[in-house]
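Worksheet: one structure, shown below.
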Amino acid sequence: MADRRQLGYVSAYTTTSVYAEVYGVATGGTALASPPTGYSGLSFTADGTLTVTSAGLFDVLMFGGGAGGAGGESSVTRGGGGGGAGAKFESTIYLAATTYAIVIGAGGAGGTSLISGSNGLPTKLGSYAFIIGGGGGQGDNRATVGQYMNLGTGGGGYGGATGSVLGIASSLGTPYGFDGGNGVATTAGGGGGGVAAVGGNAVTTTGGAGGTGFQISTFTGNASTFKAGGGGGYGSITSGTGGSSVGGAGGRQGSSAGSAAAANTASGGGGGGEGSSGGAGGSGIFYIRFKV
-10 MADRRQLGYV SAYTTTSVYA EVYGVATGGT ALASPPTGYS GLSFTADGTL TVTSAGLFDV
50 LMFGGGAGGA GGESSVTRGG GGGGAGAKFE STIYLAATTY AIVIGAGGAG GTSLISGSNG
110 LPTKLGSYAF IIGGGGGQGD NRATVGQYMN LGTGGGGYGG ATGSVLGIAS SLGTPYGFDG
170 GNGVATTAGG GGGGVAAVGG NAVTTTGGAG GTGFQISTFT GNASTFKAGG GGGYGSITSG
230 TGGSSVGGAG GRQGSSAGSA AAANTASGGG GGGEGSSGGA GGSGIFYIRF KV
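Okay, here's the thing in structure tokens:
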């Protein structure tokens, strides 16, 4: 029986088996508890070192840090947009036998009153590959802090004055991430973009829902788990929900802050209510697997 790590095909014109690269072997991080049949794998939730002991092919899935939600304006029904999720990179790549520094992208901080959320930071596989973080939720100051330059996913639009309500587009586009949703002037913020769907638009007094995240169970073999959902937008009556239940929920009228996304979810934070901060984005995560 052939080694399961070998990839091959049989020519239609000959009976010769032609083999391409074989899968390699690596150590480091934390072993996947129940990888798919025929695979072994590792995860990194913090910076560390990946050691490739046998060169070859590897399946990689990694997410940048989620972005923070924007803060709301004091004493009025104007709240922040939800933060965008960290972008997703998934590919089969060749790695030489050496060590690689794994850097996990931090989540962006939530913005204070009127301030846009901070962008998430990149997750990196040495100097070989990286994926950028999400774009910050939009506050009243977005034009002055470069928030038009959003990243893997777009932040949700601000629920403030007309002209600042538009969600921001993902700079990478699909399949890496999606755009943020639009806010409604003076009443609700848009949802941050997820890696599987756009952030929801706010509707009257209801904040936009965060965009859908990515189901990782097929890759990792674990139970149903989502990563990289967008943050929900502020709503003066009803807050926007976080994408796939991993993005932070938005705040509501009455000075309620946006909820933070949990660590290693790569998800966006929720937009904050009047005078309150947006929620922080969740840090990224790195997965790698190989055939055994």
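Going left to right, the sequence shown walks through residues -10 to 281 as the numbering used here numbers them. Yeah, the Cβ is synthetic: ideal placement off N, Cα and C, and Gly gets one too.
What three-state label does DSSP hand Phe167 in the structure shown? Taking the sequence shown and counting its residues from 1, one reaches residue 167 at position 178. Phe167 falls in the coil class under three-state DSSP.
Give me the Cα-Cα distance between Ala177 and Thr194, rounded to the nearest whole angstrom. Within the sequence shown, residue 177 is the residue found at index 188, counting from 1. Within the sequence shown, residue 194 is the residue found at index 205, counting from 1. Distance between the alpha carbons of Ala177 and Thr194: 5 angstroms.
Nearest CA to the CA of Tyr83: which residue from Gly220, Thr42 and Gly166? What you label residue 83 is simply residue 94 of the sequence shown in a count that begins at 1. Comparing Cα positions, the closest option is Thr42.
Residues bridged to Thr193 by DSSP? As a working mapping, residue 193 is identified with position 204 in the sequence shown. None; Thr193 has no bridge partner.
Does the count of Cβ pairs from the stretch 194 to 204 and the stretch 221 to 228 closer than 8 angstroms reach three? yes
Could I get the ranges of all uninterrupted beta strand (DSSP E) runs contained in the stretch 85 to 140, with 3 residues as the minimum, in chain order? 88 to 92, 112 to 114 and 118 to 120
What did DSSP end up calling Ser32 once you bin it into helix, strand or coil? Your numbering for residue 32 matches position 43 in the sequence shown. Three-state result, Ser32: strand.
So Ser213 is in the beta strand (DSSP E); what residue range does that whole segment cover? As a working note, residue 213 is residue 224 in the sequence shown. Premise fails: Ser213 is in no beta strand (DSSP E) and is neither H nor E.
Locate the beta strand (DSSP E) running through Gly27, then write down its first and last residues. Locating residue 27 in the sequence shown gives position 38, counting from the first residue. That residue, Gly27, is in no beta strand (DSSP E); it is neither H nor E in DSSP.
Answer with buried or exposed for Tyr12, where buried requires no fewer than 16 other C-beta atoms within 10 angstroms of its C-beta. Numbered from its first residue, the sequence shown carries residue 12 at position 23. Classification of Tyr12: buried, given that the 10 Å Cβ count is 16 or more.
Alpha carbon to alpha carbon, how far is Val192 from Ser125? Give it in angstroms, no decimals. By one-based count along the sequence shown, residue 125 stands at place 136. By one-based count along the sequence shown, residue 192 stands at place 203. For the sequence presented, residue 125 should be read as Gly rather than Ser. So the alpha carbons of these two residues sit roughly 21 angstroms apart.
Drop a sphere of 10 angstroms on the beta-carbon of Asp129, count the other beta-carbons inside from all chains shown, and report buried for 16 or more, exposed for fewer. Residue 129 sits at position 140 when you count from the first residue of the sequence shown. Per the 10 Å Cβ criterion, buried.
Count the other CB atoms, across all protein chains shown, that sit within 10 Å of the CB of Gln136; report buried if there are 16 or more and exposed otherwise. Translated into the one-based positions of the sequence shown, residue 136 becomes position 147. Because Gln136 carries a pLDDT of 42, less than 50, the predicted location of this residue cannot be relied on, and the following value inherits that uncertainty. Burial call: buried.
Rounded straight-line distance, which links the Cα of Thr207 to that of Pro25: The count along the sequence shown starts at 1 and reaches residue 25 at position 36. The count along the sequence shown starts at 1 and reaches residue 207 at position 218. Near 7 angstroms, if we compare the C-alpha coordinates of Thr207 and Pro25.
Since Thr16 sits in a beta bridge, which residues does DSSP pair it with? Numbered from its first residue, the sequence shown carries residue 16 at position 27. According to DSSP, Thr16 bridges with Thr40.
If distances are taken between C-alpha atoms only, which option among Ser213, Glu62 and Gly17 comes closest to Leu31? Position 42 of the sequence shown, counting from 1, holds the residue named residue 31. When each option's Cα is compared against that of Leu31, the closest is Gly17.
So, for Ile93: in the same chain, excluding its five sequence neighbours on each side, which residues have a beta-carbon less than 7 angstroms away from its beta-carbon? Mapped onto the sequence shown, residue 93 falls at position 104. Here the set comprises Phe33, Thr34, Ala35, Asp36, Thr112, Ser272, Gly273, Ile274 and Phe275.
Could you tell me if Gly54 is buried or exposed, where buried requires 16 or more neighbouring beta carbons within 10 angstroms of its beta carbon? Sequence index remark: in the sequence shown, residue 54 carries index 65 (1-based). When all chains shown are included, Gly54 counts as buried.
Close-in-space but distant-in-sequence residues of the same chain around Ala85 (CB under 6 angstroms, 5 per side omitted): Along the sequence shown, one-based indexing puts residue 85 at 96. Excluding sequence neighbours, Ala85 sits near Ala44.
Does the distance from the CB of Gly231 to the CB of Gly188 come in under 8 angstroms? For the purposes of this step, residue 231 is taken as residue 242 along the sequence shown, with counting starting at 1. For the purposes of this step, residue 188 is taken as residue 199 along the sequence shown, with counting starting at 1. Cβ atoms of Gly231 and Gly188: not closer than 8 angstroms.
Coarse secondary structure for Ile277, derived from DSSP in three states: On the sequence shown, position 288 is the one that residue 277 refers to. If DSSP states are grouped into helix, strand and coil, Ile277 belongs with the strands.
What is the C-beta distance between Ala269 and Gly96, in whole angstroms, given that I count them as a contact (C-beta under 8 angstroms)? Residue 269 sits at position 280 when you count from the first residue of the sequence shown. Residue 96 sits at position 107 when you count from the first residue of the sequence shown. The Cβ separation is near 5 angstroms, so the contact holds.
Measuring alpha carbon to alpha carbon, tell me which of Thr19, Ser23 and Glu10 ends up nearest Ser213. As a first step, residue 213 must be located in the sequence shown, where it is residue number 224. The residue with the shortest Cα to Cα distance from Ser213 is Ser23.
Could you say which of Thr81, Thr87 and Gly27 lies nearest to Thr38 if we only look at CA atoms? As a position in the sequence shown, residue 38 is number 49, starting the count at 1. Selected option, being the one with the closest Cα: Thr87.
Over the uninterrupted beta strand (DSSP E) stretch that includes Leu50, give me the two end residues. As a working mapping, residue 50 is identified with position 61 in the sequence shown. Per DSSP, Leu50 belongs to the beta strand (DSSP E) from Gly45 to Phe52.
For Gly257, which of Val184, Gly72 and Tyr28 has the nearest alpha-carbon? Against the sequence shown, residue 257 aligns to sequence position 268. Checking every option, the nearest Cα to that of Gly257 belongs to Gly72.
Is Gly70 closer than 8 angstroms to Ala59 when the C-beta atoms are compared? Taking the first residue of the sequence shown as position 1, residue 59 is located at position 70. Taking the first residue of the sequence shown as position 1, residue 70 is located at position 81. For Ala59 and Gly70, yes; Cβs fall inside 8 angstroms.
Smallest Cα separation from Gln127: which of Gly218, Gly27 and Glu62? Here residue 127 refers to the residue found at position 138 of the sequence shown. Of the candidates Gly218, Gly27 and Glu62, the one whose C-alpha sits nearest the C-alpha of Gln127 is Glu62.
In this structure, what does DSSP give as the bridge partners for Thr227? Numbered from 1 along the sequence shown, position 238 holds the residue referred to as residue 227. Answer is Thr195, bridged to Thr227.
Euclidean distance between Cα positions of Gly57 and Ser107: The residue you call residue 57 lines up with position 68 of the sequence shown. The residue you call residue 107 lines up with position 118 of the sequence shown. Between Gly57 and Ser107, the C-alpha separation is close to 5 angstroms.
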